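When the letters of the sequence shown are read in order and numbered with the numbering used here, they come out as residues 251 to 744.
This report refers to the structure that appears directly beneath it.
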Amino acid sequence: MKIKYIILSLGIWSLTSCNHLLEVDPYTFSSGNTYYENEAQVLRAVNGVYGRLQGLHTSDFYALTEMRADNTNYQYSESDRGAQQREEIDEFLITSSNNFVNTAWANLYGIVAQANVILTRIDNVTFSDDKLKDRYVAEVKFLRSFAYFHLVRLFGEIPLHTVEVTSPQGAFTDGKKSSVDEVYNVIIEDLKRAADVLPKEYPTAEVGRATRGAALTMLGDVYLTRKQFPDAVTVLKEVPLLGYSLMSNYGDCFDPSTKNNAESIFEVQYDHSIEGENSNFIYMFGPRDARVKLVGFTGTLGASNIPTPSIYNAYEPGDKRKDHSIALFDDATNSKYPEAIAFGGKMPYIKKFYHPPYPENGRSNENWPVYRYGHVLLMLAEAYNETGSGDPYIHLNAVRARAGLTALSGLSQATLREAIANEQRVEVAFENQRWYQLLRTGKAIEVMKAHGEAEKNRLTRLSSASYNVQEYMLLYPIPNREIQLNGISQNPGY
251 MKIKYIILSL
261 GIWSLTSCNH
271 LLEVDPYTFS
281 SGNTYYENEA
291 QVLRAVNGVY
301 GRLQGLHTSD
311 FYALTEMRAD
321 NTNYQYSESD
331 RGAQQREEID
341 EFLITSSNNF
351 VNTAWANLYG
361 IVAQANVILT
371 RIDNVTFSDD
381 KLKDRYVAEV
391 KFLRSFAYFH
401 LVRLFGEIPL
411 HTVEVTSPQG
421 AFTDGKKSSV
431 DEVYNVIIED
441 LKRAADVLPK
451 EYPTAEVGRA
461 TRGAALTMLG
471 DVYLTRKQFP
481 DAVTVLKEVP
491 LLGYSLMSNY
501 GDCFDPSTKN
511 NAESIFEVQY
521 DHSIEGENSN
531 FIYMFGPRDA
541 RVKLVGFTGT
551 LGASNIPTPS
561 IYNAYEPGDK
571 RKDHSIALFD
581 DATNSKYPEA
591 IAFGGKMPYI
601 KKFYHPPYPE
611 NGRSNENWPV
621 YRYGHVLLML
631 AEAYNETGSG
641 DPYIHLNAVR
651 ARAGLTALSG
661 LSQATLREAI
671 ANEQRVEVAF
681 ENQRWYQLLR
691 TGKAIEVMKA
701 HGEAEKNRLT
711 RLSSASYNVQ
721 EYMLLYPIPN
731 REIQLNGISQ
741 NPGY
C-alpha cells in the first residue's frame, strides 16, 4: 500500500514544554502499554513518524534554511504584517521568542519523540519475520537522524534523547544539553545501522520509505558537514552503485506526474486527493497578488520564499535549470512592490513547486525533495576534491551536462571548490539546503554580509540593523519557551 501518514502513536506531543508533554487527549492517539502488541500497530506508528515530515515541510521551515540564506526573501506588504517574525529570520533580527523557530523546534523534536517511543517498545512486539522488525527499527533511526541532523545544525548543543520520554520530568533533564559531538555520534551510529539494514528499493505500493541509498546519502552529508572527507568519499561512492540516474529533464524531478523517479533518493510524500495529505507550496511561495492567475482562486498567496536577484543571477547563461526553478509573474500590480524592480517589474517565484492545474483551493500535489541523485554527485565531487582522490570532474560534469553547460577541467583545488559550491547552489536551490551549505563551507558570514549590503541598497525599507551578521547568529536561539519551562540554557549572543 502507499504510505498513508497516520499520526496515531505516542508522539503527538507538544514538546514546547515538559510540563505539557503528556497533556493530550487519550482518545486522539494510540497510547499506553496495550497499544504496541502486533506488527500492524507498529506499522501505523512508523507511518506516523513519516507523517511528521509532512507537517514540517508545509510549515515555515523553509524560512530557516532558504530565507536565512541568500536564495530567497519575502514580498513586503505594509498592509499585512502577520509574517513579521519570518522577515526577522531573513534579516538577522531574530529573537528567542520567534514563533517560526519555536515551531521548527517542536516539529523536529516531535519526530524524535515518536521515533523513541517505537524504538523503546518494539522489542516487546512479536513479529512473524524479524527482518521486518529490523527494517522498522532502521527506518525509524533514519527518521530520528533526519530530525537530529537538522537540530544540531540549526541550534548547536541540544538536549539528546534516544529512549522514550515517559514523564514530564524526563523530557529535558535539568535543561542539560549534549555536545555537538555527542549528537553527531548518535546520528552517525543510527545511519550506519540504517544503511546496513534498509533495502535498496521497495515494491511500488511502499515507495517513499527510507532506503539504503537515503541512509548512505544522509551519512555522506553528515561526514561533509563534519569535514570527514575520506569518510564522505567512502560512503557517497556507494550510492551510484544502487541504480540511481539523473532524469534527462531537470524539471521532471519536481513534477507530481513523475514522483519518486530514478533520481529520487528520498522525498516527503504528499497526495492532494486526500484531505490532510496535500502539500501547499505554491500557496506559501507564490507572489501576493498572483492567486487568481496562477492557481485560479481568489485571494492572495503567501509571498514568502521569493527568489532573490542573487540566486536569479547565479545561473550561468544557457543553464536549463533556471527556467525550471524560477518564473516571473508579470502583472500591473507588481508596481506596488519594490522587490519587482530588480526583475524588470516582474515578480519572481519558485517554479519548482508550481504545476497547475489546481482543482482544489489550498491544495497542491508536489512532493518535497530531501535528497536527489544530482545532489549526491555534487557532494561526491566535493569530497573527492577535498581529499585529492578520485575524479571530481566526472560527477560535476554529469550534472552540468544535464543542465546544458560545458564541462569543466584543469582547475586548481580552490577554484574547483568554488565551482562545485556554485553548482550545488543552483542544482538544489529552494530545496532547504542553502543555509547548510554556507555553514558547512564556512562562507555564511562573508556571503550574508555581502548579500545584506546588496539588499539594503535595493530595498529602502530595510534598516541599518538588518543583516548585521555576527558569529553567534550562525546558530538560532533556543526558543524562549524552552528556556523558561525546561531550563535549557540559551545559545550565546541571544
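Quick reminder that beta carbons are idealized off the backbone N, C-alpha and C, glycines included.
Fair warning: this is a prediction, and the values are worked out from it, not measured in the lab.
Below 8 Å on the Cβ atoms is my contact criterion, and I expect ASP505 with HIS605 to pass it. Report the Cβ-Cβ distance as a whole number of Å. Counted from its first residue, the sequence shown places residue 505 at position 255. Counted from its first residue, the sequence shown places residue 605 at position 355. ASP505 to HIS605, Cβ: 6 Å. Contact.
Report the rounded CA-to-CA distance for ARG302 versus LEU358, giving the unit in angstroms. What you label residue 302 is simply residue 52 of the sequence shown in a count that begins at 1. What you label residue 358 is simply residue 108 of the sequence shown in a count that begins at 1. Going from the Cα of ARG302 to the Cα of LEU358 covers about 8 Å.
Name the two residues that bound the continuous beta strand (DSSP E) containing ILE515. By one-based count along the sequence shown, residue 515 stands at place 265. From DSSP, the beta strand (DSSP E) with ILE515 extends over 514 to 518.
Give me the residue from ALA290, GLY692, LYS601 with the minimum Cα distance to MET534. Here the question's residue 534 lines up with position 284 in the sequence shown. For MET534, the nearest C-alpha among the options comes from LYS601.
DSSP state of SER507, grouped into three classes? As a first step, residue 507 is located in the sequence shown; it is residue number 257 there, counting from the start. In this structure, SER507 counts as helix in the three-state DSSP scheme.
Please find out if some non-hydrogen atom of the ligand MG comes closer than 7 Å to the beta-carbon of ARG675. This structure simply doesn't include the ligand MG, nor any ligand for that matter.
Runs of 4 residues minimum, wholly inside the segment 559 to 610: which ones carry the alpha helix (DSSP H) assignment? 559 to 562, 571 to 575
Among ILE339, THR467, GLN740, which has the Cα closest to the Cα of PHE399? Mapped onto the sequence shown, residue 399 falls at position 149. Minimum Cα distance to PHE399 is reached at THR467.
Check SER428 in the structure and name its three-state DSSP category. By one-based count along the sequence shown, residue 428 stands at place 178. Strand at SER428.
Rounded C-alpha distance that separates ILE556 from THR665: Within the sequence shown, numbered from 1, the residue matching residue 556 stands at position 306. Within the sequence shown, numbered from 1, the residue matching residue 665 stands at position 415. When rounded, the distance between both Cα atoms is 30 Å.
For LEU735, which of helix, strand or coil comes out of DSSP? Counted from its first residue, the sequence shown places residue 735 at position 485. In the structure shown, LEU735 sits in a helix (DSSP, three-state: H, G or I).
TYR300 by DSSP, collapsed to three states: which one? As a first step, residue 300 must be located in the sequence shown, where it is residue number 50. Correct three-state label for TYR300: helix.
Is it buried or exposed, PRO480, if we count other Cβ atoms within 10 angstroms and call 16 or more buried? Here residue 480 refers to the residue found at position 230 when the sequence shown is read from its first residue. Exposed, since its Cβ has fewer than 16 Cβ neighbours within 10 Å.
DSSP three-state call for ASN817: helix, strand or coil? Residue 817 is absent from the structure shown; the chain starts at 251 and stops at 744.
Identify every residue that forms a DSSP beta bridge with THR548. Working through the sequence shown from its first residue, we reach residue 548 at position 298. Paired residues: none, contrary to the question.
Quick check: the segment 380 to 400 against the segment 424 to 437, are there 3 or more CB pairs under 8 Å? yes
Roughly how far, in whole angstroms, is the beta-carbon of LEU202 from the beta-carbon of PHE392, given that I think they are within contact range, below 8 Å? Residue 202 cannot be examined here, being either before or after the span of the chain that is shown, 251 to 744.
Look at the alpha carbon of LEU627 and the alpha carbon of ASP446, and state the distance between them as a whole number of angstroms. As a working note, residue 627 is residue 377 in the sequence shown. As a working note, residue 446 is residue 196 in the sequence shown. Near 21 Å, if we compare the C-alpha coordinates of ASP446 and LEU627.
If we count the other Cβ atoms within 10 Å of its Cβ and call it buried at 16 or more, is SER639 buried or exposed? Position 389 of the sequence shown, counted from the first residue, corresponds to residue 639. Counting Cβ neighbours within 10 Å, SER639 comes out exposed, since fewer than 16 surround it.
Are the CB atoms of GLY692 and MET723 within a distance shorter than 8 Å? Taking the first residue of the sequence shown as position 1, residue 723 is located at position 473. Taking the first residue of the sequence shown as position 1, residue 692 is located at position 442. No, Cβ-Cβ distance for MET723 and GLY692 is not below 8 Å.
Helix, strand or coil for SER281? Go by DSSP, reduced to three states. Here residue 281 refers to the residue found at position 31 when the sequence shown is read from its first residue. Caution applies to SER281, whose pLDDT of 48 falls short of 50 and renders its modelled position unreliable; the model cannot decide the point.
Using a Cβ-Cβ distance cut-off of 8 Å, determine whether LYS477 contacts chain D. The chain inventory of the structure shown lacks chain D, comprising one protein chain alone.
Nearest-angstrom Cα distance between GLU721 and LYS596? The residue you call residue 721 lines up with position 471 of the sequence shown. The residue you call residue 596 lines up with position 346 of the sequence shown. When rounded, the distance between both Cα atoms is 35 Å.
Sufficient close CB pairs (3 or more, under 8 Å) joining the segment 567 to 578 to the segment 495 to 515: Cβ pair count under 8 Å is three or more, so yes.
Write down the C-beta distance between VAL545 and TYR608 rounded to the nearest angstrom, noting that I regard them as a contact closer than 8 Å. Translated into positions along the sequence shown, residue 545 becomes position 295. Translated into positions along the sequence shown, residue 608 becomes position 358. That pair is a contact at about 5 Å.
Validate contact between the segment 679 to 699 and the segment 320 to 334 using beta carbons, cut 8 Å, 3 pairs: yes
So, at 7 Å on beta carbons, what are the nonlocal neighbours of ASN510 in its own chain, with the 5 sequence-adjacent residues on each side left out? As a first step, residue 510 is located in the sequence shown; it is residue number 260 there, counting from the start. Correct list, in chain order: VAL457, GLY458, GLU517.
By the three-class DSSP mapping on this structure, what secondary structure does TYR434 have? As a first step, residue 434 must be located in the sequence shown, where it is residue number 184. TYR434 falls in the helix class under three-state DSSP.
Suppose you measure from the CA of GLY654 to the CA of TRP618; what does that come to, to the nearest Å? On the sequence shown, residue 654 is found 404 positions in, with the first residue counted as 1. On the sequence shown, residue 618 is found 368 positions in, with the first residue counted as 1. Spanning the two alpha carbons is a distance of roughly 25 Å.
Nearest-angstrom Cα separation, counted from LEU343 out to GLY536: Taking the sequence shown and counting its residues from 1, the one referred to as residue 536 is at position 286. Taking the sequence shown and counting its residues from 1, the one referred to as residue 343 is at position 93. When only Cα atoms are considered, GLY536 and LEU343 end up about 24 Å apart.
With distance defined between alpha-carbon atoms, name the residue in VAL415, GLY470, PRO453 nearest to LYS442. Translated into the one-based positions of the sequence shown, residue 442 becomes position 192. Nearest of VAL415, GLY470, PRO453 to LYS442, Cα basis: GLY470.
Output yes or no for whether 8 Å exceeds the beta carbon distance between ALA444 and ALA356. For the purposes of this step, residue 444 is taken as residue 194 along the sequence shown, with counting starting at 1. For the purposes of this step, residue 356 is taken as residue 106 along the sequence shown, with counting starting at 1. Going by C-beta atoms, ALA444 is not nearer than 8 Å to ALA356.
Under 8 Å between C-beta atoms of ASN528 and ASP521: Locating residue 528 in the sequence shown gives position 278, counting from the first residue. Locating residue 521 in the sequence shown gives position 271, counting from the first residue. Yes, the Cβ-Cβ distance between ASN528 and ASP521 is below 8 Å.
Shortest alpha-carbon distance to ILE751 belongs to which of ASN741, TYR717, GLN740? The requested residue 751 does not occur in the structure, where the chain is confined to residues 251 to 744.
Beta-carbon contacts of ASP310 that lie in its chain and below 7 Å, excluding the five residues immediately before and after: Looking up residue 310 in the sequence shown gives position 60. Around ASP310: ARG336, PHE350, THR353.
Using only alpha-carbon positions, find the residue among LYS543, GLN304, ASP569 that is nearest to LEU578. Position 328 of the sequence shown, counting from 1, holds the residue named residue 578. Taking only the C-alpha atoms, the option nearest LEU578 is LYS543.
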